[in-house]
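Numbered per our numbering, the sequence shown spans residues 162 to 704.
Note that CB positions come from ideal geometry on N, CA and C, so glycine has one too.
Note that the coordinates shown come from a computational prediction; the quantities given were computed from them, not determined experimentally.
The block underneath contains the structure these notes are about, expressed in C-alpha cells.
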Amino acid sequence: MASPLAIPIANPELNETERAQLMARRYHCEFVDLRDFKIQHELVKSVPVELMFRYNFIPLEQLGDRLVIAVSDPSRLMVLDEISGLLGTRLITRVATLSQITDLLKKTEQSQRVLEEASEGMTFDVLSAEDNPDENISIERLTSEDDISPIIRLVDTTIFSALERRASDIHLETYDDSLLVKYRIDGVLQQAMAPIAREHHQTILSRIKVMSELDIAERRVPQDGRFRVRYKGRLIDFRVSIMPTVHGENCVLRVLDKESMSEKFKKLSLDVVGFGAEDLRRFRKYIKEPYGMVLVTGPTGSGKTTTLYAALNEIKSEEDKIITIEDPVEYQIRGITQIPVNEKKGLTFARGLRSILRHDPDKILVGEIRDAETAQIAINSALTGHLVFTTVHANNVVDVLGRFLNMGVEPYNFVSALNCILAQRLVRQICDFCATTRTYSNAEMLANGLNPDDWQGHQFREGTGCIECSGTGFRGRSAIHELLELDDEIRELLLVKAPGSEIRRKAKDKGMAFLRDSALERVRAGITTMHEINKVTFIESGR
Numbered sequence: 162m163a164s165p166l167a168i169p170i171a172n173p174e175l176n177e178t179e180r181a182q183l184m185a186r187r188y189h190c191e192f193v194d195l196r197d198f199k200i201q202h203e204l205v206k207s208v209p210v211e212l213m214f215r216y217n218f219i220p221l222e223q224l225g226d227r228l229v230i231a232v233s234d235p236s237r238l239m240v241l242d243e244i245s246g247l248l249g250t251r252l253i254t255r256v257a258t259l260s261q262i263t264d265l266l267k268k269t270e271q272s273q274r275v276l277e278e279a280s281e282g283m284t285f286d287v288l289s290a291e292d293n294p295d296e297n298i299s300i301e302r303l304t305s306e307d308d309i310s311p312i313i314r315l316v317d318t319t320i321f322s323a324l325e326r327r328a329s330d331i332h333l334e335t336y337d338d339s340l341l342v343k344y345r346i347d348g349v350l351q352q353a354m355a356p357i358a359r360e361h362h363q364t365i366l367s368r369i370k371v372m373s374e375l376d377i378a379e380r381r382v383p384q385d386g387r388f389r390v391r392y393k394g395r396l397i398d399f400r401v402s403i404m405p406t407v408h409g410e411n412c413v414l415r416v417l418d419k420e421s422m423s424e425k426f427k428k429l430s431l432d433v434v435g436f437g438a439e440d441l442r443r444f445r446k447y448i449k450e451p452y453g454m455v456l457v458t459g460p461t462g463s464g465k466t467t468t469l470y471a472a473l474n475e476i477k478s479e480e481d482k483i484i485t486i487e488d489p490v491e492y493q494i495r496g497i498t499q500i501p502v503n504e505k506k507g508l509t510f511a512r513g514l515r516s517i518l519r520h521d522p523d524k525i526l527v528g529e530i531r532d533a534e535t536a537q538i539a540i541n542s543a544l545t546g547h548l549v550f551t552t553v554h555a556n557n558v559v560d561v562l563g564r565f566l567n568m569g570v571e572p573y574n575f576v577s578a579l580n581c582i583l584a585q586r587l588v589r590q591i592c593d594f595c596a597t598t599r600t601y602s603n604a605e606m607l608a609n610g611l612n613p614d615d616w617q618g619h620q621f622r623e624g625t626g627c628i629e630c631s632g633t634g635f636r637g638r639s640a641i642h643e644l645l646e647l648d649d650e651i652r653e654l655l656l657v658k659a660p661g662s663e664i665r666r667k668a669k670d671k672g673m674a675f676l677r678d679s680a681l682e683r684v685r686a687g688i689t690t691m692h693e694i695n696k697v698t699f700i701e702s703g704r
C-alpha cells in the first residue's frame, strides 16, 4: 500500500535528496537532513508509534504550542490536518527524504511498535534447559488462561527488542508503583520502555520463571535459572537471576548469543581488543611462554574473558592441547576443549581443574579464581610446566597480590608462577555518525587532571547523539590496559610486601603505562571522551 505522504516522482533524473529539497522550496518549508539532526528521544516517545508509521512522519521539536514534524511530501494538506487533529496540536512542517524518515522509524523501536510486530507473528520457541533443541516447552500449555497472553507477548517482545538493540542484559526493577524495564547497551543502562503498571509485576515474573523452569510459588529467596530461545534461526541463551527486594522481586536476564559470538570469535585476535602498540608487543610475548601464569584482572564486565579468548585464539595450534574451565562457557571456540562449571552436580573450579591436569594439557584457562583451593592448584600447574591463563577480581595490578594473600596462598609460589598481570577496563567509543570536535578551557583541562601545556589547542572529539547510537553519542566499546611485567626486582618488592606506591613507582621507572595513561591515549586518538575515562580511572593531577 502506498504511503499517504509518498513523493510523486516528477523528474527521474533527480535523486531523492534533490527531489525533497525541490519540494521544500516549492512549499516554502525548511529542508532537514535527519542524519545530522539531533533527535529528541523523549519527544519521539510521546507520539503514538502507529501514527508515525501510518503517516510516515517524525517529530523533531516542540516550539511553544506547535510541534515541528518532518514529512516527505508537504503538499498533502488533508493528511497534515489529520495528523494535527489526531495529535491535538498545531504543526510546523519540515521536509526530509522518505528513506531517512523510514530508517529513523525503524530504529526508534518503541514498545508499542514491537508489540504490534509480536502480535503479527514474532514468536519464540522456548527450549528446555537441557541441551536438547527438539524438546520444546509449550508456554501456552503451562499457562493457558486467556488473560496471560498479553503478558507473554510483552515478555517476548521485551526480549526481541533487547536482541535488536544489541543489549547485553535486561533489567526488570520493581518499585512501589511501577515496574521499570532497562537494557544494558555498551555497558550503560538505558530505559527500554514506559514504566509498566505495578499490578502486572507478578504475572511478568511468573512468565519468566516458567521459561526458566523456576519455582513460581517461591518469592522470598533468590533463584537462578536459564532458558534458551530460537531467534532468527539461531539459539540464544539467557541466564536468569531473580532476587527479592522490599517492593517485590527484581530480575536480570544476561544475554548469551553464543552462535553469533562464536562467528566473531573465529576471527578474534588481540589486535581488535584495543591494546596500545607497546603493551600488545609485550603481552604477546607472555602468552607464548612455555609455562607460567598470565593473570587478567578487573571488575565484572570489563572484558577479561574476551581478552583471554583472543589470546587463546592466537596461540592455539594442532600441536597443543588447550583445556578451559568456565562458569559458564560463554563462547565456543573450535579446537579447544571447554568444560562448564556445574556446582549443583559438584563440578567446581577446583575439582574440574584437578581432572583437567590428568588430561595432559599444554595450556589451561581457568575462568576465575574464587577460592584458595583453585588458586593453589592453578599456581602449582603454572610451576609444573603448564601455561595457565586466569582472571581475578581486583582494582589494579598491584592489588592482585593482596587478593591472593587473603586467600592464604604462599607468596613465594605465587610470585614465582606469575609471568605478567594485566589490568583491564572497557570505555565506550564515540559514535562516528555524530562525532564533533571542541577545545577545552584551561580550567576544564585542570579539572580533568590534564597539563594545559601538553593539551593546548587539542581538538577533543565528542558524540552529540544521533539515530545510530540512540542519542547516547557512543557506539561500541574498546579496552584500556595496564601491564605489569614480573622481573626479579618487582618480584622481590612483592615478596617483602612493599607498599603499592613503591611497586607502582618502580614499574613506572621500567616503562609501565598505567590505566590512566592508556585511557588518555584513547582520548588523544579521538576514540573516547574525557567524561567516559573519568568513570573508570582516577583523575591524577598535572598529566
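- Taking C-alpha positions only, Glu534 is separated from Phe565 by approximately 11 Å.
- Under the 10 Å beta carbon count, Glu643 is surrounded by 16 or more other beta carbons and is classified as buried.
- Burial is judged here by how many other beta carbons sit within 10 angstroms of a residue's own beta carbon; Gly563 has fewer than 16 and is exposed.
- Short of 6 Å from the beta carbon of Asp440, and not among the five residues preceding or following it, lie these beta carbons of its own chain, in chain order: His642, Leu644.
- Put simply, the segment 624 to 638 does not touch the segment 523 to 530. Fewer than three CB pairs are less than 8 Å apart.
- Excluding the 5 residues flanking it on each side, Ile219 has same chain C-beta neighbours closer than 6 Å at Ala231, Ile262, Leu265, in chain order.
- Inter-residue distance for Asp418 and Asp488 is about 15 Å (C-alpha atoms, whole angstroms).
- In the structure shown, the three-state DSSP call for Lys506 is helix.
- Per the C-alpha coordinates, the member of Glu360, Phe321, Ile403 positioned closest to Tyr344 is Phe321.
- For Thr597, the uninterrupted beta strand (DSSP E) run begins and ends at 596 to 599, by DSSP.
- Beta-bridge annotation (DSSP): His554 is not paired with any residue.
- Secondary-structure assignment with DSSP links Gly626 through no beta bridge to anything.
- In the structure shown, Ile377 adopts coil according to DSSP, grouped into three states.
- Exclusion of the five residues before and after Thr254 leaves Cys190, Ile230, Val232, Pro235, Leu241 as the residues of its chain whose Cβ lies within less than 7 Å of its Cβ.
- Counted as a single uninterrupted DSSP element, the alpha helix (DSSP H) harbouring Gly246 occupies residues 238 to 248.
- The straight-line gap separating the alpha-carbon atoms of Gln201 and Pro209 is approximately 15 Å.
- Of Glu203, Leu238, Leu333, Met213, the smallest CA-CA separation from Glu222 is found for Glu203.
- Exclusion of the five residues before and after Lys465 leaves Val457, Gly459, Thr552, Gln585 as the residues of its chain whose Cβ lies within less than 7 Å of its Cβ.
- Put simply, the backbone Cα of Tyr392 is about 17 Å away from that of Ser373.
- Taking C-beta atoms under 8 Å as the contact rule, Ala596 and Arg622 qualify, at a distance of about 5 Å.
- Bounds of any beta strand (DSSP E) do not take in Thr461, whose DSSP letter is neither H nor E.
- The three-state reading of DSSP puts Ala257 in coil, since its state is none of H, G, I, E or B.
- Bounds of the beta strand (DSSP E) holding Leu587 are 579 to 591.
- Here Asp678 carries a helix assignment [DSSP, helix/strand/coil].
- Note on Tyr601: 16 or more other CB atoms within 10 angstroms of its CB, so buried under the neighbour-count rule.
- By the neighbour-count criterion, in which a residue is buried when 16 or more other Cβ atoms sit within 10 angstroms of its Cβ, Arg442 is exposed.
- Between the segment 469 to 484 and the segment 672 to 681 there are fewer than three C-beta pairs closer than 8 Å, too few to call the two in contact.
- Just measuring C-alpha positions, the residue of Leu587, Val549, Arg589 sitting nearest Phe575 is Val549.
- Lys524 has Ile483, Leu548 as its beta-bridge partners, per DSSP.
- DSSP places Phe218 outside any beta strand (DSSP E), giving it a letter other than H or E.
- Shown here, Gly435 sits in coil according to DSSP, grouped into three states, outside any helix or strand.
- Residue pairing by DSSP places Ile530 in no beta bridge whatsoever.
- Per DSSP, the unbroken alpha helix (DSSP H) holding Pro613 starts and ends at 613 to 616.
- Cβ contact annotation for Arg685 (same chain, cutoff 8 Å, sequence separation greater than five): His619, in chain order.
- Beta-bridge pairing by DSSP links Arg395 to Tyr392.
- The residue from Arg445, Arg326, Ala674, Pro311 with its alpha-carbon nearest to that of His361 is Pro311.
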